[in-house]
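Each residue of the sequence shown is one higher than the one before, counting from 1 in UniProt numbering. Cβ coordinates follow ideal geometry from the N, Cα and C atoms, glycine included. Since this is a predicted model, take the numbers as computed values, not measurements. Take a look at the structure set out below.
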Amino acid sequence: VAAPILGSISCNFSNHQSDTCTMEGDLRIHGKSATVYVVSVSTYRPENSTIKLRPYARKWEDQVMQLVREVTVRSSPPGADDDVIPPECSVRHDVPAVVFSTGGYNRNFFHVMTDVIIPLYLTVREYNGRVQLLATDYEPNWIAKYKAILVALSAYPVIDMDSEDTVRCFPSAHVGLESHKELSIVPGLSRNGYTMASFRDFIRSAYSLQRPRVAPVSRSSGRKPRLVLILRRNSRQLKNEADAIAAATELGFEVVAAGPDDVSDLERFSGLANSCDVLMGVHGAGLANMLFLPDNATVVQIIPWGELKWPCRHSFGDPVAPMGLRYLEYEVTADETTLNETYPRDHAVFTDPVSVHRQGFDKVWNIFINGQHVILDIKRFRGFMEQLYQTITTE
Ligand SMILES: *[C@@H]1O[C@H](CO)[C@@H](O)[C@H](O)[C@H]1NC(C)=O
Ligand SMILES: *[C@@H]1O[C@H](CO)[C@@H](O)[C@H](O)[C@H]1NC(C)=O
Ligand SMILES: *[C@@H]1O[C@H](CO)[C@@H](O)[C@H](O)[C@H]1NC(C)=O
Ligand SMILES: *[C@@H]1O[C@H](CO)[C@@H](O)[C@H](O)[C@H]1NC(C)=O
Numbered sequence: 001v002a003a004p005i006l007g008s009i010s011c012n013f014s015n016h017q018s019d020t021c022t023m024e025g026d027l028r029i030h031g032k033s034a035t036v037y038v039v040s041v042s043t044y045r046p047e048n049s050t051i052k053l054r055p056y057a058r059k060w061e062d063q064v065m066q067l068v069r070e071v072t073v074r075s076s077p078p079g080a081d082d083d084v085i086p087p088e089c090s091v092r093h094d095v096p097a098v099v100f101s102t103g104g105y106n107r108n109f110f111h112v113m114t115d116v117i118i119p120l121y122l123t124v125r126e127y128n129g130r131v132q133l134l135a136t137d138y139e140p141n142w143i144a145k146y147k148a149i150l151v152a153l154s155a156y157p158v159i160d161m162d163s164e165d166t167v168r169c170f171p172s173a174h175v176g177l178e179s180h181k182e183l184s185i186v187p188g189l190s191r192n193g194y195t196m197a198s199f200r201d202f203i204r205s206a207y208s209l210q211r212p213r214v215a216p217v218s219r220s221s222g223r224k225p226r227l228v229l230i231l232r233r234n235s236r237q238l239k240n241e242a243d244a245i246a247a248a249t250e251l252g253f254e255v256v257a258a259g260p261d262d263v264s265d266l267e268r269f270s271g272l273a274n275s276c277d278v279l280m281g282v283h284g285a286g287l288a289n290m291l292f293l294p295d296n297a298t299v300v301q302i303i304p305w306g307e308l309k310w311p312c313r314h315s316f317g318d319p320v321a322p323m324g325l326r327y328l329e330y331e332v333t334a335d336e337t338t339l340n341e342t343y344p345r346d347h348a349v350f351t352d353p354v355s356v357h358r359q360g361f362d363k364v365w366n367i368f369i370n371g372q373h374v375i376l377d378i379k380r381f382r383g384f385m386e387q388l389y390q391t392i393t394t395e
């Protein structure tokens, strides 16, 4: 009889974004009960023989975390005269396991990238495909949508943990994913020196994108800078999109309009975005498609009315420069919103939006984030676009 393998566990619950545990030794994962058994832990302590964590990187948002299944890590001491009776292995893997969730805000592209895909890259990429992904809250549509990325990260199909009665054994595992910041990687925090530049190289390779960087567009060549305009269909619509497209076209842009159906097919849309020099849209998840742009392309965020500059910058402004892209914002005025259909112009919504912010996030959400559409002042917009055209083209 071979000597038992001694195991180890190390957890970090002090990260703001996510709880994570890494472990080694004799690990047995039973999917249906979402339990990871760690046998013969050399540093075993009774007080943490059972550790519970939700493997989703948005720890500070209680509501969404409730949608994520809790995973239990149970350890037993060497000698195993403990009440933990680990089940026998039915399948043995010789690669590390990574347990994550495809739940949470799983229909929102910005959240999927921020909360799952970038964290997966940070946690899994170093294994060069020799790693087994196991998903709780398994969503087949999600797995299908992000297939190109998952295939580039792991040589094996993702396992649907929740439905599995099989006991799978692994030499090591990560439960929960490393995560740093909205749509970002903080180079100093990555063990492997990953950056958004390396992540974007990875994405380009996963989707076979052809343009690593934009080439300056010469006006005399007759070439036009290509602009993709992301159009929303629920809140924050661009009410006069046809006029905006006409104005940009007249100024010399080739405009491609992209609605929700266009952006949802990532295999197709990643290539389209990569063929563009500018990506523009009203604040919203679709702006995260900037990930597919070539280096030195420009992102234009249209910021709706209501003192939203700082939150908008936080999600889609600050992450831009570290991706090697240029950032511009067009902040709408009180004359470029549909809020006048609900509130008179002398209402605090117009005269003192900060006072609305003081009433709490729900108010901000209902009025400014979800309660308005944008109607661009085409004359003002033209001036803005003309300047953009000058800066991204040469003689
Ligand atoms: C186990 O418990 C000790 C003390 O209670 C704690 O310092 C340590 O971080 C815990 N280990 C894990 C893996 O949670
Ligand atoms: C745990 O995470 C915190 C916050 O990210 C980090 O500062 C700390 O170094 C980590 N601790 C360990 C032991 O890795
Ligand atoms: C609201 O403002 C828009 C944009 O300035 C304008 O086109 C519209 O006529 C206004 N509606 C009302 C009800 O005042
Ligand atoms: C990026 O684009 C700007 C504006 O067109 C240009 O001035 C700059 O030289 C470009 N940088 C690189 C590295 O191509």
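Legend entry - Closer than 7 Å: serine 14 CB and nearest ligand 2 heavy atom: Counted from its first residue, the sequence shown places residue 14 at position 14. Between ligand 2 and the CB of serine 14, the shortest heavy atom gap is smaller than 7 Å.
Inset, instruction - Flag this pair as yes or no: are the beta carbons of alanine 34 and arginine 69 separated by less than 8 Å? - result: The residue you call residue 34 lines up with position 34 of the sequence shown. The residue you call residue 69 lines up with position 69 of the sequence shown. Yes. Within cutoff.
Inset, instruction - Kindly indicate which three-state DSSP category serine 221 falls into: helix, strand or coil? - result: One-based indexing of the sequence shown puts residue 221 at position 221. Residue state, collapsed to three classes: helix.
Inset, instruction - Please name the residue in Ser220, Asn234, Val214 and Ser221 whose C-alpha comes closest to that of leucine 227. - result: Here residue 227 refers to the residue found at position 227 when the sequence shown is read from its first residue. Val214 is the residue among Ser220, Asn234, Val214 and Ser221 whose C-alpha sits nearest the C-alpha of leucine 227.
Inset, instruction - Go ahead and pull the three-state DSSP assignment for lysine 239. - result: Here residue 239 corresponds to residue number 239 of the sequence shown, with the count starting at 1. Three-state DSSP puts lysine 239 in coil, outside helix and strand.
Inset, instruction - For the stretch 153-162 and the stretch 173-183, state whether three or more C-beta atom pairs, one from each stretch, are separated by less than 8 Å. - result: Taking 8 Å as the limit for Cβ pairs, the verdict is that the stretch 173-183 does not touch the stretch 153-162.
Legend entry - N- and C-terminal bounds of the beta strand (DSSP E) containing glycine 281: The sequence position of residue 281 within the sequence shown is 281, counting from 1. Residues 278-282.
Legend entry - Any non-hydrogen atom of ligand 3 within 7 Å of asparagine 366 CB: Counted from its first residue, the sequence shown places residue 366 at position 366. Within the chosen limit of 7 Å, ligand 3 does not reach the beta carbon of asparagine 366 with any heavy atom.
Legend entry - Buried versus exposed call for proline 216 [16 or more other C-beta atoms within 10 Å across all chains shown]: Walking along the sequence shown from the start, residue 216 turns up at place 216. The C-beta of proline 216 has fewer than 16 other C-beta atoms within 10 Å across all chains shown, which makes the residue exposed.
Legend entry - Pocket of ligand 3 (residues with CB nearer than 6 Å to any heavy atom), chain order: Having a Cβ closer than 6 Å to some heavy atom of ligand 3 are Asp335, Asn340, Glu341 and Ile375.
Legend entry - Three-state secondary structure assigned by DSSP to asparagine 12: For the purposes of this step, residue 12 is taken as the residue at position 12 of the sequence shown. Here DSSP, grouped into helix, strand and coil, assigns asparagine 12 to strand.
Inset, instruction - Within 10 angstroms of the Cβ of threonine 114, are there 16 or more other Cβ atoms? Answer buried if so, exposed if not. - result: One-based indexing of the sequence shown puts residue 114 at position 114. With a threshold of 16 other beta carbon atoms within 10 Å, threonine 114 meets it and is buried.
Inset, instruction - Determine the DSSP secondary structure at proline 96, reduced to helix, strand or coil. - result: The sequence position of residue 96 within the sequence shown is 96, counting from 1. Looking at proline 96 - three-state DSSP - the assignment turns out to be coil, as it is neither helix nor strand.
Inset, instruction - Tell whether a beta-carbon distance below 8 Å holds between threonine 333 and aspartate 362. - result: Numbered from its first residue, the sequence shown carries residue 333 at position 333. Numbered from its first residue, the sequence shown carries residue 362 at position 362. Contact: no.
Legend entry - Pairwise C-alpha distance: glutamine 210 and valine 299: Here residue 299 refers to the residue found at position 299 of the sequence shown. Here residue 210 refers to the residue found at position 210 of the sequence shown. Straight-line Cα distance between these residues: approximately 19 Å.
Inset, instruction - Report the option in Ala148, Thr136 and Ser90 whose CA atom is closest to the CA atom of proline 55. - result: In the sequence shown, the residue the question calls residue 55 occupies position 55. Proline 55 has its Cα closest to that of Thr136, out of Ala148, Thr136 and Ser90.
Inset, instruction - Check whether the stretch 183-199 touches the stretch 90-101, taking contact to mean three or more Cβ pairs, one atom from each stretch, closer than 8 Å. - result: No, the stretch 183-199 is not in contact with the stretch 90-101.
Legend entry - Distance CB(glutamine 359)-CB(serine 179) smaller than 8 Å: As a first step, residue 359 is located in the sequence shown; it is residue number 359 there, counting from the start. As a first step, residue 179 is located in the sequence shown; it is residue number 179 there, counting from the start. Cβ distance not < 8 Å, so glutamine 359 and serine 179 don't count as in contact.
Inset, instruction - Kindly confirm or deny that the stretch 259-266 and the stretch 378-395 touch, where touching means at least three C-beta pairs closer than 8 Å. - result: No, the stretch 259-266 is not in contact with the stretch 378-395.
Inset, instruction - Assign histidine 314 to one of two classes, buried (16 or more other C-beta atoms within 10 Å of its C-beta) or exposed (fewer than that). - result: Here the question's residue 314 lines up with position 314 in the sequence shown. By the neighbour-count criterion, in which 16 or more other beta carbons inside 10 Å mark a residue as buried, histidine 314 falls on the exposed side.
Legend entry - Whether tyrosine 274 touches isoleucine 230 by CB criterion (8 Å): The sequence position of residue 274 within the sequence shown is 274, counting from 1. The sequence position of residue 230 within the sequence shown is 230, counting from 1. Correcting the residue type first, residue 274 is asparagine in the shown sequence and not tyrosine. With contacts defined as CB atoms closer than 8 Å, asparagine 274 and isoleucine 230 fail to qualify as a contacting pair.
Inset, instruction - Could you check how far apart the C-beta atoms of valine 91 and valine 36 are, in whole angstroms? I think they sit under 8 Å. - result: Locating residue 91 in the sequence shown gives position 91, counting from the first residue. Locating residue 36 in the sequence shown gives position 36, counting from the first residue. Rounded, the Cβ-Cβ distance is 15 Å, inconsistent with contact.
Legend entry - Proximal residues to proline 260 (C-beta, below 6 Å), its chain only, five neighbours per side dropped: In the sequence shown, the residue the question calls residue 260 occupies position 260. The residues are Arg233.
Legend entry - 8 Å Cβ shell around glutamine 372 - same chain, five flanking residues per side excluded: For the purposes of this step, residue 372 is identified with residue 372 of the sequence shown, where counting begins at 1. Taking C-beta separations shorter than 8 Å and ignoring five residues to either side along the sequence, the partners of glutamine 372 in its chain run Ser235, Arg236, Pro304, Trp305, Gly306, Thr337, Thr338 and Leu339, following chain order.
Legend entry - Chain-order list of residues whose beta-carbon lies under 8 Å from that of leucine 388 (same chain, five-residue window excluded): Counted from its first residue, the sequence shown places residue 388 at position 388. Taking leucine 388 as the centre and dropping the five residues before and after it, the same chain places the C-beta of Val278, Thr298, Val300 and Leu328 closer than 8 Å to its C-beta, in chain order.
Inset, instruction - Indicate whether proline 86 and leucine 6 have their beta-carbon atoms separated by less than 8 Å. - result: Residue 86 sits at position 86 when you count from the first residue of the sequence shown. Residue 6 sits at position 6 when you count from the first residue of the sequence shown. Not closer than 8 Å, so no.
Legend entry - Straight-line gap, threonine 102 to glycine 271 (C-alpha atoms, nearest Å): Numbered from its first residue, the sequence shown carries residue 102 at position 102. Numbered from its first residue, the sequence shown carries residue 271 at position 271. One C-alpha to the other measures close to 25 Å.
Legend entry - proline 311 versus arginine 268: straight-line alpha-carbon distance, rounded: Against the sequence shown, residue 311 aligns to sequence position 311. Against the sequence shown, residue 268 aligns to sequence position 268. So the alpha carbons of these two residues sit roughly 30 Å apart.
Inset, instruction - Would you decide whether glutamate 241 is buried or exposed? Buried here means 16 or more other CB atoms lie within 10 Å of its CB. - result: In the sequence shown, counting from the first residue as 1, residue 241 sits at position 241. Counting Cβ neighbours within 10 Å, glutamate 241 comes out buried, since at least 16 surround it.
Inset, instruction - Give me the Cα-Cα distance between threonine 123 and glutamate 341, rounded to the nearest whole angstrom. - result: Residue 123 sits at position 123 when you count from the first residue of the sequence shown. Residue 341 sits at position 341 when you count from the first residue of the sequence shown. About 48 Å.
Legend entry - Backbone secondary structure at aspartate 201 - three-state DSSP: Counting from 1 along the sequence shown, the entry for residue 201 is found at position 201. In this structure, aspartate 201 counts as helix in the three-state DSSP scheme.
Inset, instruction - Return the CA-CA distance between proline 225 and leucine 291, expressed in angstroms with no decimal places. - result: Along the sequence shown, read from residue 1 onward, the residue named residue 225 stands at position 225. Along the sequence shown, read from residue 1 onward, the residue named residue 291 stands at position 291. Our two residues, proline 225 and leucine 291, have alpha carbons roughly 18 Å apart in a direct line.
Inset, instruction - Tell me whether histidine 373 sits in a helix, a strand or coil according to DSSP, three-state version. - result: Against the sequence shown, residue 373 aligns to sequence position 373. If DSSP states are grouped into helix, strand and coil, histidine 373 belongs with coil.
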